[in-house]
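Residue numbers (the UniProt record's numbering), protein chains in the order written: chain A, 1 to 327; chain B, 1 to 327; chain C, 1 to 327; chain D, 1 to 327. Below is one structure, written out as structure tokens; comments come after it.
There are 4 protein chains.
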Amino acid sequence: MAFSIIRAARAVLHVTDLAAARDFYERVLGFVVTEADEGHLYLRGLEEYQHHSLLLKKADRPAVEAISYKVGSERELEELYRWFAARQLEPKWVDARSQRAVGRAFRVQDPSGLPLEFFAQMTAVERLLQRYDLYRGARVQRIDHFNCMVADVQQAYDFYVHGLGFACSEYTETKDGKLWAAWLHRKQNVHDVAMMNGKGPRLHHIGFWLPDPLSLIHACDVLAASGYGAHIERGPGRHGLSNAFFVYLRDPDGHRIELYNGDYLTSDPDFPPIRWDLDDPRRQTFWGHAAPDSWFEEASVVLDVHSGQPVEPKEPALAKVKPTFLI
Amino acid sequence: MAFSIIRAARAVLHVTDLAAARDFYERVLGFVVTEADEGHLYLRGLEEYQHHSLLLKKADRPAVEAISYKVGSERELEELYRWFAARQLEPKWVDARSQRAVGRAFRVQDPSGLPLEFFAQMTAVERLLQRYDLYRGARVQRIDHFNCMVADVQQAYDFYVHGLGFACSEYTETKDGKLWAAWLHRKQNVHDVAMMNGKGPRLHHIGFWLPDPLSLIHACDVLAASGYGAHIERGPGRHGLSNAFFVYLRDPDGHRIELYNGDYLTSDPDFPPIRWDLDDPRRQTFWGHAAPDSWFEEASVVLDVHSGQPVEPKEPALAKVKPTFLI
Amino acid sequence: MAFSIIRAARAVLHVTDLAAARDFYERVLGFVVTEADEGHLYLRGLEEYQHHSLLLKKADRPAVEAISYKVGSERELEELYRWFAARQLEPKWVDARSQRAVGRAFRVQDPSGLPLEFFAQMTAVERLLQRYDLYRGARVQRIDHFNCMVADVQQAYDFYVHGLGFACSEYTETKDGKLWAAWLHRKQNVHDVAMMNGKGPRLHHIGFWLPDPLSLIHACDVLAASGYGAHIERGPGRHGLSNAFFVYLRDPDGHRIELYNGDYLTSDPDFPPIRWDLDDPRRQTFWGHAAPDSWFEEASVVLDVHSGQPVEPKEPALAKVKPTFLI
Amino acid sequence: MAFSIIRAARAVLHVTDLAAARDFYERVLGFVVTEADEGHLYLRGLEEYQHHSLLLKKADRPAVEAISYKVGSERELEELYRWFAARQLEPKWVDARSQRAVGRAFRVQDPSGLPLEFFAQMTAVERLLQRYDLYRGARVQRIDHFNCMVADVQQAYDFYVHGLGFACSEYTETKDGKLWAAWLHRKQNVHDVAMMNGKGPRLHHIGFWLPDPLSLIHACDVLAASGYGAHIERGPGRHGLSNAFFVYLRDPDGHRIELYNGDYLTSDPDFPPIRWDLDDPRRQTFWGHAAPDSWFEEASVVLDVHSGQPVEPKEPALAKVKPTFLI
């Protein structure tokens, strides 16, 4: 490869009510608002020195416009563009002037149908890591990962690992050796993106990193005190997979957010990917709790990067299974 | 009153397998074993300077032999005995020599049918609060409270508050003003005993105090790592009622244990009891999570203090209600 | 005794700059401002349902006007007044109309020269314990205790324990058996007041209770981020005595505040007071850290309840000792 | 570069008493002992899947035999060897059979005189990250970094950054623009190695990563309870530099260990290194606490990789400065 994808960098989401979103993300969860106008809300975590990691756009219905990765340099961005083009995936450039704070970017639908974006530069802003006086709510530090539902996990795995150079930290297999889900990373923790078998392409959730487990508990308390109790969908709990302490929330438009802390370093190229059996009760929740049906079934619709229209999800390649002991 | 009940002091439980119980309470949860023999296991928390707060006795089937309170002095113990006797409740003395480490005690069935015990003295042992090198698992500090299911909460309330001098910190009422549950205390936090409307008399759970919220999370991790994941019944979560951060466990015999941290001081006689509506979704779990059916339905059988036989539970006075939004 | 002192209830401090004080206590530490006017700032913790536990008054120089305890009832307040009067301590009534939110009170100089206040009633206000959306800074929950430097600890001990009915939880003795310091309580934790040998009478610090250890660490971070780093005088650390996790701060007027979490229950009348040797290095800081000289030498001046003038401190009865290993 | 150094991988330390060291590292701090024999103790953290990250060897006096980095592959190891050889630094191969669990390695004195080791392979062992039942003490997760005192920081910086391809995350400068200290990384957090101006070459400390801040506090409690209170040299506190929550310990041989949690992600090549002024009081301790003299003056002697003899430290290039406000 002549390109280096650095990490999951930002998500561009459509939301129907920016004021409601701002209350949820800024006041309750403690995201920092870098900028806002009538149609946009640019949010970042306390550790982030770049303009935003979450861009919310006012729209008629909730959707995912882009799942965006940062690339090491402009030169590598071009290489990557050519790489996609050579595979007939029809990447298209997005001019720097057409997006706030982001350099030249390109967008492309990946083979699973996910709307990807790649860029190399974003405007630098003040990093607030040590402005503890501004900490509130969940004390969100930074974007961590995307989790996607795709109809064919093996295909997605091959594309990201053998094509884009992601490494696999953990994965789930069915009894007969089919790949059910995979956790893939470029930066050195468990994942930048996970692919799960399901009706897709859809974005299941965006994970944000917290500084410690008590910030996660406090986030639940603040959510409940602020009238967002019903927005806590699952957890808090410990994932077997990734070892993270987690809670899943639904934002006012139904987009799913994971607050996440406590995975591990994956710096070594000889790190042996961890295999989980689909039937291991500790895989999803180490403590053995059941996730609600909504967590398995609901996810955000993604848009076509060319038409801007919703991509119709397909039924998954592997039969949907959620045995009662599979939690 | 010429007597002062100090606090919830110990539970005497029957268990079918002492080795299994010891693994659960000592190795996993981190209780201190003060003494053990073929038929008994005496357990205490790290802050406790008295011999035990949990006595497990080998028996053929699980049951609750005694819910035990400490009284201020021998003189007051006698006053309290006379008080019960005057109400035709037939207290009976238990000689100091017949129980390990406990002074003279008496036992009595309260009007709800719960098997109570009162004593004034217990053997002092080394307090391990600052032996941090011995901390493990949940780092259990001390017994905190009992929670009982009774068929008539109003009757129990009247007996404990107007008779025994307990104070009420919080309570739940139905829409038509019936008392559904009450949190009653002698020591200065939310409760020494709670009474909940349900098939009773039964012991719903025993609460133990932890030093901080992360000990509770770690307890879940240790339980799961030790193969006890299925013993985590509910939580972790925040109670609206009491404000405690909690998790409910089932021991190997099915007795329910609550790990508990974070309630508040109730020292003032003018503290206004907090009223909760039975339908308030934040009452049971502040974050709005549903408790499993088992938590509402299952509880430990209690024994008759005279016959030693199980007390047959009665249906509750108020209709059992567990609307889906009542969590 | 025909009176029951409930607990340490409020401090009345003189400060020179109310705006500076408000920034420190409200914005940085997270106290709740119940009311404020040109001359007064009424502060409380998140768990407190009474009007205030800290009253700051604008004055020309910093001082302690009153160390105030709550009594069980108006009748007991009168008994306690008579008790002081009978000992020629000249208590004086303060009319309810002359103090905001406090019922009838009386003030009296105790035999050590400390300006005490007793009252039975304070206006109830909204309790914000579950308004987690309002939590900030140290998340102060409630007032916990006073710590006083007095010239004769034995005399103070005798007065509080044998006279006012306080219980002793822990104490420090010199090698030759002289009482160096004592931790005394009415409510059921380690102390409502501690008496330490030193130039006195002076108020060494006021302790406030936090919900967990991480709130204490976060408070330090917020203090530093807000430019108050130099106000962190000692800690964080663990006290051997009391077992509390602590940090000592100096407010803008130099009054010392302890943020405090993690002591233990002292409900039982047979609790054996814990003796510490003055030379035990783990007594003051369990981890063995040295406290700065300022912590040993500086304390707040107290006022005469009759004249309103500063009380001249006397040299302590026991020689001041601060060996390098005595930390 | 044709080589990729992955991360700080292990330290090889000489200690005089293996039993004392084992008590300190295993029983108190919670390191995992992978293997031990009469002359060696192989330790690792709970997250580590490789054989060890700390090798203690029995010797007559304490010293640092090797500061060791992992390289991406055998091929890259050879490239790196040649790179050193081309600079007349005389690397020497260490045969795989001569070291337990480590593949072929080479050792070399760097221009500052530090004894480096590089290897590409280490025996894999069971990863205990989710064996929470084995967690104890500080719950050490993994090695994080080395901190070295060198006589010429600018020289060291140039060698590591321009030669070995480390990136700089943070640095300290004197008023006149001289480089006083630098934090350099290969893996994606603040550092794998820091270079500080001082009498050197010496190893100042080895940093180990903890899962959360409370594990660090608990480590202090366990140290004190185990009689190691005097081994807590500095902290706990927050570093301005790196943002880490830290505590410094001295092991039984005086080697300094840092327990460390809470820095940040440094994945991006355009991350702007953070500059600190040598006189900024928040640089070393964000909360403003003074570090003890020992922390500035004492460090571990390093050995010559060829002779095995101690390397005589040289006075630093920049005048030693430790103003009282420079903490």
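For each residue, glycine too, the CB sits at the ideal point set by N, CA and C. Remember, predicted model here, so these are calculated numbers, not experimental data.
Contacts of residue i in chain C (Cβ-Cβ under 8 Å)
i      : result
A:R136 : R136
A:L214 : D212 and L214
D:G200 : Here the premise fails: no neighbours, minimum Cβ distance about 28 Å.
B:P272 : Y49 and A124
Neighbourhood of residue i by C-beta distance below 8 Å, restricted to the same chain and skipping five residues each side
i      : result
D:P292 : E233 and R234
D:V71  : F3, S4, I5, I6, L77, L80, F118, F119 and A120
A:L318 : V153, T174, K178, W180 and N197
A:A11  : S53, L54, L55, V64, A66, I67, S68, I143, F146, L203 and I206
A:S112 : C148, V150, A151, D152, Q155, A156, F159, M195, G200 and P201
Partners in chain D for residue i, counting only beta-carbon separations shorter than 8 Å
i      : result
A:G211 : One point to set straight first is that residue 211 of chain A is Pro, not Gly, in the sequence displayed. Residues of chain D passing the Cβ test: G262.
A:N197 : Those within 8 Å of A:N197 in chain D number zero; the least Cβ separation is about 24 Å.
Own chain residues within Cβ distance below 6 Å of residue i, not counting five before or after
i      : result
D:R44  : V32, T34, H52 and S53
C:L46  : L128, L129 and Q141
B:V301 : A63 and P310
A:P323 : Low per-residue confidence applies at A:P323: pLDDT is 44, beneath 50, and the placement is therefore not dependable, though the value from the model is reported in the following sentence. Hits under 6 Å: none found.
C:F286 : R238 and G240
B:K314 : A151
A:L116 : I67, V108 and D110
Contacts of residue i in chain B (Cβ-Cβ under 9 Å)
i      : result
A:R238 : I217, C220, D221 and A224
Chain C contact residues for residue i, given Cβ-Cβ distances below 7 Å
i      : result
A:D251 : The contacting residues do not exist; A:D251 stays about 17 Å from chain C at best.
Neighbouring residues, chain D, relative to residue i (Cβ below 9 Å)
i      : result
A:S267 : I6, R7, K70, R186, K187 and Q188
C:I232 : W287, G288 and H289
Within chain A, the residues that residue i reaches when beta carbons sit closer than 7 Å
i      : result
C:R131 : A225
B:G254 : Correct list: empty, because the minimum Cβ distance to chain A is about 17 Å.
Residues bridged to residue i [DSSP beta-bridge criterion]
i      : result
C:Q50  : C:A124
C:W93  : C:F106
C:L249 : C:I232 and C:I257
A:R142 : A:W209
C:V15  : C:K58
D:E170 : D:W183 and D:I274
Close beta carbons around residue i, own chain, < 7 Å, minus the five adjacent residues each side
i      : result
D:S294 : E233
A:G137 : V28, L29, G30, A219 and V222
C:P236 : L216, I217, C220, F245, F246 and V247
Heavy atom of the ligand MG within 8 Å of residue i beta-carbon
i      : result
A:D304 : Absence of the ligand MG from the depicted structure is noted, as is the absence of any ligand whatsoever, leaving it without description.
Cross-chain neighbours of residue i in chain D, by beta carbon under 7 Å
i      : result
A:R142 : L265
Within chain B, partners of residue i - CB distance below 8 Å
i      : result
A:G229 : P281, R282, F286, W287 and G288
Closer than 8 Å at the beta carbon, the chain A residues around residue i
i      : result
B:F245 : I217
Residues from the segment 276–296 of chain C in contact with chain D, defined by Cβ distance under 8 Å: The residues in question are P281, R282, F286, W287, G288 and H289.
The segment 266–273 of chain D touching the segment 206–225 of chain D, judged by at least three CB pairs closer than 8 Å: They do not touch, by the three-pair rule.
Inter-stretch contact (C-beta, 8 Å, three-pair minimum) for the segment 190–199 of chain C and the segment 143–159 of chain C: They touch, by the three-pair rule.
Short-range partners of chain C found in the UniProt domain "VOC" (7–121) of chain A, where Cβ spacing is below 9 Å: Interface annotation for the UniProt domain "VOC" (7–121) of chain A against chain C: R27 and V28, criterion Cβ-Cβ distance under 9 Å.
Contact between the segment 13–30 of chain C and the segment 253–262 of chain C (3+ Cβ pairs under 8 Å): Contact holds: three or more Cβ-Cβ distances are below 8 Å.
Three or more C-beta pairs below 8 Å linking the segment 160–167 of chain D and the segment 181–190 of chain D: Output reads yes: the segment 181–190 of chain D touches the segment 160–167 of chain D.
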